[in-house]
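Take a look at the structure below.
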Amino acid sequence: DMLSPSMELEADLGVDSIKRVEILAALRERAPELPELDPAMLGKLRTLAEITEVLQGSDAAPAAATATAAAAGVASAGEAKVKAEAPARFVVRWVDAPLPGLAARSVFDGPIGVYGAPALADALRRRGLEARVDAPGRAAVIVSSDAAETFRFAREHAPGSAALYFVQPVDAGAAGLARTVRLEHPALTARAIVGTDDLERVADEIAFGGVTSEVRLDGGRRVPRVTRAESVTPAARVEPPVVVASGGARGVTAACLVALAKEVGGRYLLLGRTALSEEGEVTRGVADDALEAALLEDARGRGEALSPRALRGEARRVRAGREVRATLAALREAGAEARYAAVDVGDEAAVRAALDEARGAFGPFTMLVHGAGVLADKHLVDKTDEDFARVYGTKADGARALTDALAGDPLSSLLFFGSVAARFGNVGQSDYAMANAALDALALAEKAKRPDARVRSIAWGPWAGGMVTPELAAHFAAQGVSLIDLDEGARAFAREALSDPAEAPLVVLGAPLARGEDRQARFAFRISRDSHPELADHTVKDVPVLPVALVLEHLARAARALRPDLAMARCREVKVLRGVPLTRFDEGQVFEIGLSLLSNGHGATYAAELASADGLHYRAQLDLLPELPAGAAPRPAPADMSARPGPLYGGCLFHGERFQVIRALDGIGEAGAAGTLVGMPAVGWRGDGWQVDPALLDGGLQLAVLWSERRLGGDTLPTGLDALHVYRPGPIDGEVRALVHGQDAASGRARCDVTFVDADGEPLAELRGVETHLWR
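If you want it as structure tokens, here you go:
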């Protein structure tokens with residue numbers, strides 16, 4: 016008789032977003048014939064009646080209302096045991112990464128709306144992009160270090176944009192926001208560019224910086240990589256700490272502090288929002304799982320009515336008080352001193368007063384643990400300013416308020432409880448991901464101010480127990496996320512709190528989400544007379560043609576943009592599906608590269624495609640390794656070579672001056688050819704960030720064409736390649752010897768290998784299985 020279909024799920028029944036996942040599970044279990052109901056849709060339904068209405072059209076709709084009402088109550092949706100384990104440990108490293116010369120496709124489709132920095136629009140226009148100030152566009156950019164302003168911008172522009180750029184000169188957590196926006200809007204590119212107010216560098220990043228969700232420009236250009244770390248190095252000596260811990264009286268933070276106290280003792284001031292008071296006669300001695308029944312019976316006995324929300328809230332208050340007292344007792348049992356202050360970390364005056372009072376008893380603080388946090392899970396477009404203020408304020412602003420209040424204390428340890436949502440994003444948690452990313456930024460700033468201190472921002476995965484029911488556990492498992500055992504996680508925290516201060520400040524505890532942004536990506540670039548003037552010397556019938564070697568270069572750039580910690584060692588199974596005439600060379604022609612991860616281990620292998628508005632042009636596979644291999648000793652030069660009469664260029668070699676890299680043809684014969692070549696620097700190619708030397712590679716293909724002309728008796732063009740092997744990256748200075756070794760030639764088709772060696776005979780690169788065909 017307490018439930019009504021018109022009651023609002025959250026306002027009246029206290030059913031939050033996590034409980035709604037349980038509602039779905041209960042619906043499917045009790046009425047499997049019902050149509051699928053997406054969790055995002057469920058989040059927008061406000062009442063039990065609305066849920067039932069969505070399910071109308073099924074004979075089981077009345078059963079749906081019954082199942083929903085049951086799930087909205089206090090009963091658990093399931094009692095299956097949740098599998099938990101010790102958290103794996105990872106660290107976040109910052110990798111130097113060159114500008115890849117690639118971008119999101121939308122920046123070329125224009126216009127780009129620029130907010131907060133009119134000068135940035137001018138800088139983008141100087142790079143050939145269409146940009147306008149304070150007006151919507153295919154892409155949108157905001158320059159602001161105000162977290163709330165950036166969040167509102169994302170909420171407004173995400174539904175209608177193809178790309179969003181959050182530029183924060185002072186990092187306020189934009190990376191967590193960008194990662195979650197990408198998950199909630201999979202067709203959208205979202206990027207955080209942090210650490211600089213140099214708008215020229217920002218414009219370069221938008222026009223040429225790829226699609227990675229986070230890049231730091233504070234100094235060089237760096238992107239984050241999460242790498243496995245098997246263990247943490249313990250500190251040589253740790254004195255019993257004097258700890259202030261926000262959110263430390265309950266939940267996993269409390270368990271972590273008790274584990275720390277068991278190791279090293281100390282003095283603990285716990286800050287929390289729970290107001291402690293003596294428990295009333297009604298609930299004293301009543302088990303936790305029977306509190307609602309006891310409170311309901313008491314209210315009925317007094318002739319009062321309690322809504323489900325109020326009933327659950329009162330029971331929650333009683334449980335919270337019990338948990339605070341149990342934590343204080345556990346700390347004291349572990350040999351530590353402990354006290355509690357009921358304050359909100361958002362109330363700076365109350366926090367400072369509590370700290371001052373505790374200093375009188377404990378002395379100055381030496382350790383800060385910030386575990387306070389709240390959730391308001393909804394899709395970004397459904398978030399309110401109040402949601403953001405509460406979530407971001409508790410986690411990020413609360414951390415800054417605490418560090419400010421402790422500025423005069425001799426802190427040797429600062430430990431922030433973050434979340435994997437900041438590092439990988441999480442649907443429904445855009446504000447929470449942003450807040451925890453701001454914690455990472457704060458940790459980096461504090462480490463810079465206190466280089467000898469132990470500073471950790473710990474991105475925790477989900478813990479077993481508490482809010483994680485079996486249904487949520489299955490949800491996490493589907494994403495490749497394991498749950499952290501409470502005891503194992505607490506011990507892992509204690510190890511971090513007692514570790515060598517030199518350890519990296521950003522740590523992930525718990526398996527990273529399987530959905531890494533380096534698994535799949537699309538890049539775009541524009542070829543024009545301005546960007547690549549050398550292509551005016553690579554024409555067929557007066558039309559510039561994109562050479563295979565430059566395609567290989569852009570594939571290598573895309574691979575490096577995704578994995579700057581790796582190098583492209585091989586580009587194999589290169590298939591030329593369609594030539595690439597540059598029919599719009601003067602104004603510019605846009606191409607797209609798509610990469611999809613095939614395997615990941617010691618390095619990574621990607622499937623790659625290059626396409627344009629005219630269709631698909633190339634397919635290939637890219638092998639990336641941590642280090643480039645050393646090439647095998649080159650084979651001897653082919654035997655029985657002789658001079659080739661006539662000029663090198665002007666016949667089957669149509670190349671103009673900036674592609675004329677063959678300096679001498681040493682000889683040519685049935686078995687192969689040899690020549691002296693130069694690379695890009697010698698013929699005046701310009702630009703930065705080159706991954707290979709496309710001028711040199713094109714010269715090797717030119718040698719292959721000369722050899723196949725001799726064998727096939729006519730002009731040929733390269734049409735395929737088994738593999739490019741790279742042993743030394745980037746442009747090559749000086750003269751290079753190139754050797755062609757023929758494989759076969761018949762029926763208008765020829766195959767050969769081309770090896771490039773330096774003056775000392777060391778291999779630089781190889782083109783294996785070069786295939787040419789007669790074309791005229």
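Numbering (this note's numbering) for the sequence shown: 16 to 791. From the three backbone atoms N, C-alpha and C, an ideal C-beta is built for every residue, glycine too. Model, not experiment: these values are computed from the prediction.
Considering Cα atoms alone, identify which of the options is closest to residue i.
{"i": "His-632", "options": "Ala-448, Val-558 and Leu-567", "result": "Leu-567"}
{"i": "Lys-277", "options": "Arg-764, Ala-349, Pro-249 and Pro-256", "result": "Ala-349"}
{"i": "Ala-178", "options": "Arg-142, Leu-214, Phe-123 and Arg-240", "result": "Phe-123"}
{"i": "Pro-644", "options": "Pro-651, Ala-582, Asp-601 and Ala-308", "result": "Ala-582"}
{"i": "Ala-162", "options": "Ala-489, Ser-292 and Asn-451", "result": "Asn-451"}
{"i": "Phe-377", "options": "His-385, Ala-351, Gly-386 and Lys-398", "result": "Ala-351"}
{"i": "Trp-705", "options": "Gln-636, Leu-565 and Ala-658", "result": "Leu-565"}
{"i": "Tyr-621", "options": "Arg-701, Arg-534 and Gly-300", "result": "Arg-534"}
{"i": "Leu-613", "options": "Val-253, Gln-604, Ala-635 and Val-595", "result": "Ala-635"}
{"i": "Arg-282", "options": "His-200, Leu-383 and Pro-709", "result": "Leu-383"}
{"i": "Leu-782", "options": "Gly-776, Trp-790, Val-769 and Asp-775", "result": "Val-769"}
{"i": "Val-253", "options": "Gly-234, Leu-232, Leu-275 and Cys-271", "result": "Leu-275"}
Below 8 Å on the Cβ atoms is my contact criterion, and I expect residue i with residue j to pass it. Report the Cβ-Cβ distance as a whole number of Å.
{"i": "Val-522", "j": "Arg-438", "result": "Wrong, their Cβ atoms sit about 10 Å apart, outside the cutoff."}
{"i": "Val-755", "j": "Ala-688", "result": "4 Å"}
{"i": "Arg-14", "j": "Val-698", "result": "Lying outside 16 to 791, the shown extent of the chain, residue 14 is not represented and no answer is given."}
{"i": "Leu-625", "j": "Pro-102", "result": "Not quite, the Cβ-Cβ distance comes to about 41 Å (not below 8 Å), so this is no contact."}
{"i": "Val-110", "j": "Val-238", "result": "6 Å"}
{"i": "Gly-714", "j": "Ala-753", "result": "7 Å"}
{"i": "Cys-667", "j": "Ala-719", "result": "With 8 Å as the limit, Cys-667 and Ala-719 do not qualify as a contact, their Cβ atoms being about 11 Å apart."}
{"i": "Arg-541", "j": "Gly-609", "result": "About 17 Å separates the two Cβ atoms, so there is no contact after all."}
{"i": "Leu-711", "j": "Val-785", "result": "Actually they do not touch by this definition, with Cβ atoms about 14 Å apart."}
{"i": "Val-273", "j": "Ala-505", "result": "7 Å"}
{"i": "Ala-150", "j": "Gln-183", "result": "That pair is no contact at about 22 Å."}
{"i": "Ser-228", "j": "Ala-190", "result": "6 Å"}
Could you pull out every residue in the same chain whose Cβ sits closer than 6 Å to the Cβ of residue i, ignoring the five residues on either side in sequence?
{"i": "Gly-440", "result": "Arg-194, Thr-195, Leu-198 and Ala-448"}
{"i": "Arg-354", "result": "Leu-284"}
{"i": "Arg-585", "result": "Asp-638, Ala-738 and His-740"}
{"i": "Glu-461", "result": "Leu-429 and Val-470"}
{"i": "Ala-119", "result": "Ala-178, Thr-204 and Val-226"}
{"i": "Leu-716", "result": "Pro-733"}
{"i": "Ala-373", "result": "Leu-284"}
Which residues bound the beta strand (DSSP E) around residue i?
{"i": "Ile-677", "result": "677-684"}
{"i": "His-553", "result": "Premise fails: His-553 is in no beta strand (DSSP E) and is neither H nor E."}
{"i": "Ser-614", "result": "604-615"}
{"i": "Thr-165", "result": "Taken as a continuous stretch (DSSP letters only), Thr-165 belongs to no beta strand (DSSP E), being part of the alpha helix (DSSP H) at 162-172."}
{"i": "Trp-722", "result": "Counting along the chain, Trp-722 falls outside any beta strand (DSSP E), though it belongs to the alpha helix (DSSP H) covering 709-727."}
{"i": "Ser-427", "result": "Looking at the DSSP string, Ser-427 is not in any beta strand (DSSP E), and its letter there is neither H nor E."}
{"i": "Gly-759", "result": "Going by the sequence as given, residue 759 is Asp instead of Gly. Here the beta strand (DSSP E) through Asp-759 covers 751-761."}
{"i": "Val-470", "result": "469-475"}
{"i": "Leu-284", "result": "282-287"}
Tell me whether residue i sits in a helix, a strand or coil according to DSSP, three-state version.
{"i": "Leu-663", "result": "coil"}
{"i": "Gly-328", "result": "helix"}
{"i": "Pro-669", "result": "In the sequence as displayed, the identity of residue 669 is Phe instead of Pro. Of the three classes helix, strand and coil, the one that applies to Phe-669 here is coil, per DSSP."}
{"i": "Arg-537", "result": "strand"}
{"i": "Lys-96", "result": "Only weak support exists for where Lys-96 lies, its pLDDT of 49 falling under 50; the value from the coordinates is given anyway. Coil, per DSSP."}
{"i": "Leu-179", "result": "strand"}
{"i": "Ile-499", "result": "strand"}
{"i": "Asp-515", "result": "coil"}
{"i": "His-394", "result": "coil"}
{"i": "Val-563", "result": "helix"}
{"i": "Phe-508", "result": "helix"}
For residue i, which residues of its own chain have a beta-carbon under 8 Å away from its beta-carbon, when the five flanking residues on both sides are left out?
{"i": "Pro-249", "result": "Arg-510, Leu-513, Ser-514 and Asp-515"}
{"i": "Ala-90", "result": "A caution first: Ala-90 carries a pLDDT of 31, below 50, which makes its placement in the model too unreliable to give a value."}
{"i": "Gly-361", "result": "Gly-408, Thr-409, Asp-412, Gly-413 and Ala-416"}
{"i": "Ala-539", "result": "Leu-117, Ala-118, Ala-119, Arg-120, Val-122, Phe-123, Val-605, Phe-606, Glu-607 and Ile-608"}
Who are the Cβ neighbours of residue i in its own chain at under 7 Å, not counting the five residues just before and after it?
{"i": "Asp-773", "result": "Val-751 and Leu-779"}
{"i": "Val-389", "result": "Arg-405, Val-406 and Thr-409"}
{"i": "Asp-455", "result": "Gly-433, Ala-437, Ser-472 and Leu-521"}
{"i": "Asp-467", "result": "Pro-516"}
Need the endpoints of the alpha helix (DSSP H) that residue i sits in, please.
{"i": "Tyr-1", "result": "The shown model of the chain, from 16 to 791, leaves out residue 1, and the question about it has no answer."}
{"i": "Tyr-742", "result": "Element bounds for Tyr-742: n/a, residue is neither H nor E."}
{"i": "Met-656", "result": "Taken as a continuous stretch (DSSP letters only), Met-656 belongs to no alpha helix (DSSP H), as it is neither H nor E."}
{"i": "Val-279", "result": "266-279"}
{"i": "Lys-462", "result": "445-464"}
{"i": "Thr-770", "result": "It is not in any alpha helix (DSSP H) - Thr-770 instead sits in the beta strand (DSSP E) that spans 764-772."}
{"i": "Arg-438", "result": "435-439"}
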